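Asker: Chains as they are written, first to last, in the numbering used here: chain F, 8 to 258; chain X, 8 to 258; chain Y, 8 to 258; chain P, 8 to 258. The following block contains the structure, expressed as structure tokens.
Pasting the structure below:
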């Protein structure tokens, strides 16, 4: 059993590791048909047999968890506009004055190119798990906090839906999930800190004709190590929640 | 000369104050044709004669400053999707456990209804200053910082534009402005803290066919007291920048 | 089994609860000879028989853990000067503008009177567990963080001791403890967040003739709920570390 | 007119600069009798003639401002125990993972050796300006904030003094100073952010026989650039407060 946390490209270059089960946290194999894409709640059936698991990125995890139920139900259409806000650990453990507390505290900004490397991963996921062929416009932001990740997504609403019906779609998708909480409040990152929980919600912006959905995760939990463990547990035939908690550290 | 910082509705109820010049920071008179809407850079011609000035909201100020140049040039079409992120002073000086440092530090969340009271103000501004009739879908977020406000807006791009051309549109609109900085970086709130500066930028998401523009302000500076003073200076025949700085406190 | 988290004075007023074992987190019974003072590492022998346990305060816990070994060894003399710095959850869950993120972020200050209610508790502990009769001068500070507590204490050094020998005193006291880490670095609160761990260290200020010792805890962990659980485990005959972790959430 | 912000040692190595007036912010010349030690409020008489000014360190500035009045009045005796807490910009503009927001947010710790390089500077200042020969034991701490510095000092109290009398000593020393505020509250760093103001207070810990005094400054204001400008203004025959403010940015 190997968890690979190498930078993008490094594992691919090393070649296939000599381990019965590999969970790769990089994006090397997320589009690779020989690897299972480990968005656990959607690939639970394949994971017990899986030996090569590509762990989803933190942004795609949060984006897909709140969008797929609506895509699957045929309730939304593209383009999908996603804003994402991450704590600074999303960039890994970084030196550099631009990551210093002095430079970052009290500051919010967008970052990166308009075509973030996670965009194709999100589009693939929407198609694969939601049967939806849509273009995604994605803007990541950096927030002055160590961990936590929030996605707010908007998509054109098809059909008549109100807030309660939108929540019901999420309830129906995730009502039985141990690590996904459906809430009628806006999800917030704090309550999830240190846990494997994702918190999802949705509302309808009837004036503009949009569905607005949101997902909060701990980028180091459900967005990385937590989901990796969840996937490994299934691949090893263990209890899915072994070593994982849905309860974060608060405050 | 009166600056009114009463809660929404209170000034209207009190009746017209006995002051030669009134700058009202609430939203009581922002849609009132007898008051000048004080988005300074766009109403500078009217301000020297103005005696009743409705100071724009912080969210509309940031949203309009980055969108109007593209609307005026006929380069974008609605619906416009706006994500805004504000420090906690955007809610005023608040008691309440939900505003405590313990509850907010390390946390990001959306808040409010899908129809925020600032939406009509933004739509009016786009029409009035940009000649654009568009629906706005607006989602405000609360970030763990005392002050600072960031807007990221997306609108359907009309015509062919690349990043450089998008920046040139902003440069052409604001190149001579003392308090508006056009940057090819993503605007960030920190550098503006304590100042009356707005920082604007734009990029093209060619894949999705969107213009992405962003504006950072200090919600208490250009988003409130700073712009109020800028407007008052003009109404009183003083130098527009009296008592104001474009340089913030950093770090 | 009852954990009482009532404000000071409330449990005493209610009278003795109808529970086989009571752990009281207030300071009602910390000087009461009928209650065991639950500084676990020093009262472990009494806890299995205990039915009434007064859980130590967060400041006394951190102060005593780093001072007692030197007091017991006769290596220090009073007065003892203690500076303590706490995150804002040390004040409980608070409304009030003075606890808001806007008021507290970026700010450090001392607070309270020069005679904090924890001073007698620390002096009693030094005498009871360390056989040292000393006056304590204690200044608490509030830091812009949700949780975490740091104590830096200085006492007149008796005899010849260097840094290594000072550390050896702590090692000898805590080398076998699961929840107390002796470090040759300055203890920091972050690494302990969410855990029941205390981190202690000491150095000699030979120029001034002082021992300088420091202890970091999570004020909500070893400083409150963690130690309460540790005590309850022992009182109930369970494994002392049941439900507790020495590993915090980082970053 | 030259402001030198070189690292310690560099200016000395370069030799005397070809400038009529030099303000050196390093500690190269703070013990040099040919340079004026620029603790403005105490060397105001010498500054108009000064051509070489050694700007005090941030820790000595805050320590001396709250201690000198009591030393001068013969009201305190050593050893003096000083705890100081600084925001991270006190270390300069730093890369390095240990200065990252992820590593520092939510964390407090002491740092450095027990003999910080500022200790002799503080002892010299106490002797020179306060006529007090005392050993200082100094422990600096790093707080999760970008700027701001707080000193809490304790010294053996000589004679009978209560809180009001202690405050009166500070009032008498600083009542006419534009940049020093005497407060009966504990000084806090936030209110001073971006300003040249120092806030001082004092209380008596009668039980322990200590004077407790405290000073808050912006480490980049009165603790560095602000005081440098204040000194330069005097050396150049300008108004002492030119370009300086006693009002900070809040919140």
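We put the beta carbon where it would ideally sit given N, CA and C, even for glycine. A quick note: this is a predicted structure, and the numbers were derived from the prediction, not measured.
What residue from 191(F), 184(F), 125(F), 227(F) has the CA that sits closest to residue 202(F)'s CA?
Answerer: The residue labelled residue 202(F) in the question sits at position 195 within the first chain. Out of 191(F), 184(F), 125(F), 227(F), 227(F) has the C-alpha closest to the C-alpha of residue 202(F).
Asker: Among 116(X), 176(X), 55(X), which one has its Cα closest to the Cα of residue 195(F)?
Answerer: Taking the first residue of the first chain as 1, we reach residue 195(F) at position 188. It is 116(X) whose Cα lies nearest to the Cα of residue 195(F).
Asker: Please name the residues in the stretch 123 to 156 of chain F whose beta-carbon is closer than 8 Å to at least one beta-carbon of chain P, in chain order.
Answerer: From the stretch 123 to 156 of chain F, only 151, 152, 153, 154 have a Cβ closer than 8 Å to chain P.
Asker: Quickly, what does DSSP pair residue 60(X) with across the bridge? List them, please.
Answerer: As a first step, residue 60(X) is located in the second chain; it is residue number 53 there, counting from the start. In the DSSP output, where bridge partners are listed per residue, residue 60(X) has 30(X), 43(X).
Asker: Can you list the residues of chain Y that residue 97(F) reaches, using a CB-CB cut of under 9 Å?
Answerer: Within the first chain, residue 97(F) is the residue found at index 90, counting from 1. Within 9 Å Cβ-Cβ: nothing; residue 97(F) doesn't reach chain Y, min ~11 Å.
Asker: Figure out for me which residue from 82(F), 65(F), 9(F) has the closest Cα to the Cα of residue 218(F).
Answerer: Here the question's residue 218(F) lines up with position 211 in the first chain. The shortest C-alpha separation from residue 218(F) is found at 82(F).
Asker: Give the secondary structure of residue 133(P) by DSSP, where H, G and I count as helix, E and B as strand, and everything else as coil.
Answerer: On the fourth chain, position 126 is the one that residue 133(P) refers to. In the structure shown, residue 133(P) sits in a helix (DSSP, three-state: H, G or I).
Asker: Of all the CB atoms in chain X, is at least one closer than 8 Å to the CB of residue 70(F)?
Answerer: For this step, residue 70(F) is matched to residue 63 along the first chain. For residue 70(F), the answer is no, since every Cβ of chain X falls outside 8 Å of its Cβ.
Asker: What does residue 118(P) touch in chain F if you count any residue whose Cβ is under 9 Å from its own?
Answerer: Looking up residue 118(P) in the fourth chain gives position 111. The premise fails here: residue 118(P) is roughly 14 Å from chain F at the closest Cβ pair, so nothing lies under 9 Å.
Asker: How is the beta strand (DSSP E) around residue 115(X) delimited, first residue to last?
Answerer: In the second chain, counting from the first residue as 1, residue 115(X) sits at position 108. No beta strand (DSSP E) contains residue 115(X), which DSSP labels as neither H nor E.
Asker: Taking only beta-carbon atoms, is residue 102(X) less than 8 Å away from chain Y?
Answerer: For the purposes of this step, residue 102(X) is taken as residue 95 along the second chain, with counting starting at 1. Yes - at least one Cβ of chain Y is within 8 Å of the one on residue 102(X).
Asker: Could you give the uninterrupted runs of the alpha helix (DSSP H) lying entirely in the stretch 163 to 236 of chain F, keeping only those of 4 residues or more?
Answerer: 170 to 181, all fully within the stretch 163 to 236 of chain F.
Asker: Determine, using beta carbons only, whether residue 205(P) comes closer than 8 Å to chain F.
Answerer: Within the fourth chain, residue 205(P) is the residue found at index 198, counting from 1. For residue 205(P), the answer is no, since every Cβ of chain F falls outside 8 Å of its Cβ.
Asker: From residue 254(X) to residue 27(X), what does the alpha carbon distance come to, in whole angstroms?
Answerer: On the second chain, residue 254(X) is found 247 positions in, with the first residue counted as 1. On the second chain, residue 27(X) is found 20 positions in, with the first residue counted as 1. Near 31 Å, if we compare the C-alpha coordinates of residue 27(X) and residue 254(X).
Asker: Leaving aside the five residues before and after residue 108(X) along the sequence, list all residues of the same chain whose C-beta is less than 6 Å from its C-beta, in chain order.
Answerer: Taking the second chain and counting its residues from 1, the one referred to as residue 108(X) is at position 101. The answer is none, since no qualifying residue turns up.
Asker: Out of 37(F), 190(F), 14(F), 58(F), state which residue places its alpha-carbon closest to the alpha-carbon of residue 25(F).
Answerer: By one-based count along the first chain, residue 25(F) stands at place 18. Nearest C-alpha to residue 25(F): 58(F).
Asker: Is it the case that the Cβ atoms of residue 289(Y) and residue 48(Y) are separated by a distance below 8 Å?
Answerer: Since the first residue of chain Y shown is 8 and the last is 258, residue 289(Y) is not available in this structure.
Asker: How would you list, in chain order, the residues of chain Y whose beta-carbon sits under 7 Å from the beta-carbon of residue 200(F)?
Answerer: Start at 1 with the first residue of the first chain, and residue 200(F) comes out as number 193. What residue 200(F) touches in chain Y: 256.
Asker: Counting only C-beta atoms, is residue 171(Y) closer than 8 Å to chain X at any point?
Answerer: Here the question's residue 171(Y) lines up with position 164 in the third chain. Judged by the 8 Å Cβ criterion, residue 171(Y) is not in contact with chain X.
Asker: Using the Cβ count rule (16 or more neighbours within 10 Å means buried), how would you classify residue 140(P)?
Answerer: Translated into positions along the fourth chain, residue 140(P) becomes position 133. When all chains shown are included, residue 140(P) counts as exposed.
Asker: Check the Cβ-Cβ distances between residue 196(X) and every residue of chain Y, and say whether any is below 8 Å.
Answerer: Counted from its first residue, the second chain places residue 196(X) at position 189. Chain Y contact via Cβ: absent.
Asker: In this structure, how does DSSP classify residue 90(Y) when only helix, strand and coil are distinguished?
Answerer: For this step, residue 90(Y) is matched to residue 83 along the third chain. Three-state result, residue 90(Y): strand.
Asker: Would you check if the distance between the CB atom of residue 137(F) and the CB atom of residue 79(F) is smaller than 8 Å?
Answerer: To locate residue 137(F), count along the first chain from 1; it is residue 130. To locate residue 79(F), count along the first chain from 1; it is residue 72. In contact: residue 137(F) and residue 79(F) (Cβ atoms closer than 8 Å).
Asker: Can you name, in chain order, every residue of its own chain whose Cβ lies under 8 Å from the Cβ of residue 113(X), other than the five neighbours on each side?
Answerer: Numbered from 1 along the second chain, position 106 holds the residue referred to as residue 113(X). So the qualifying residues of the chain are 151.
Asker: Answer with buried or exposed for residue 96(P), where buried requires no fewer than 16 other C-beta atoms within 10 angstroms of its C-beta.
Answerer: Numbered from its first residue, the fourth chain carries residue 96(P) at position 89. Classification for residue 96(P): buried.
Asker: Counting only Cβ pairs nearer than 8 Å, list the residues of chain X close to residue 183(F).
Answerer: In the first chain, the residue the question calls residue 183(F) occupies position 176. None at all; the shortest Cβ gap to chain X is about 25 Å.
Asker: What are the boundary residues of the alpha helix (DSSP H) that residue 68(P) is part of?
Answerer: Here residue 68(P) refers to the residue found at position 61 when the fourth chain is read from its first residue. Note, residue 68(P): alpha helix (DSSP H), 65 to 79.
Asker: Which word fits residue 171(X), buried or exposed, when buried means at least 16 other C-beta atoms lie within 10 angstroms of its C-beta?
Answerer: Walking along the second chain from the start, residue 171(X) turns up at place 164. Its Cβ having fewer than 16 others within 10 Å, residue 171(X) is exposed.
Asker: Counting beta carbon pairs with one atom in the stretch 63 to 73 of chain F and one in the stretch 84 to 95 of chain F, are three or more of them shorter than 8 Å?
Answerer: Contact between the stretch 84 to 95 of chain F and the stretch 63 to 73 of chain F is present, because at least three Cβ pairs lie under 8 Å.
Asker: Measuring straight from C-alpha to C-alpha, what distance separates residue 103(Y) and residue 110(Y)?
Answerer: The count along the third chain starts at 1 and reaches residue 103(Y) at position 96. The count along the third chain starts at 1 and reaches residue 110(Y) at position 103. Straight-line Cα distance between these residues: approximately 10 Å.
Asker: Relative to the C-alpha of residue 119(Y), which candidate in 243(P), 212(P), 9(P), 230(P) has its C-alpha closest?
Answerer: Translated into the one-based positions of the third chain, residue 119(Y) becomes position 112. It is 212(P).
Asker: State the Cα-Cα distance for the pair residue 164(X) and residue 143(X), rounded to the nearest angstrom.
Answerer: For this step, residue 164(X) is matched to residue 157 along the second chain. For this step, residue 143(X) is matched to residue 136 along the second chain. Cα to Cα, residue 164(X) sits roughly 15 Å from residue 143(X).
Asker: So which residues of chain P does residue 109(F) contact, with C-beta pairs closer than 8 Å?
Answerer: As a working note, residue 109(F) is residue 102 in the first chain. Result: 94, 95, 96, 100, 101, 106, 153, 154.
Asker: Residue 243(Y) bridges to which residues according to DSSP?
Answerer: Here residue 243(Y) is taken as the residue at index 236 of the third chain, counted from 1. Looking at the DSSP assignment, residue 243(Y) forms no beta bridge with any residue, so it has no partner.
Asker: In the DSSP assignment, find the unbroken alpha helix (DSSP H) run with residue 18(X) in it and report its ends.
Answerer: One-based indexing of the second chain puts residue 18(X) at position 11. Where residue 18(X) is concerned, the enclosing alpha helix (DSSP H) stretches over 17 to 21.
Asker: Using the beta-carbon count (16 or more within 10 Å), is residue 208(F) buried or exposed?
Answerer: Stepping through the first chain from its first residue, residue 208(F) is reached at position 201. Buried, by the Cβ-count rule.
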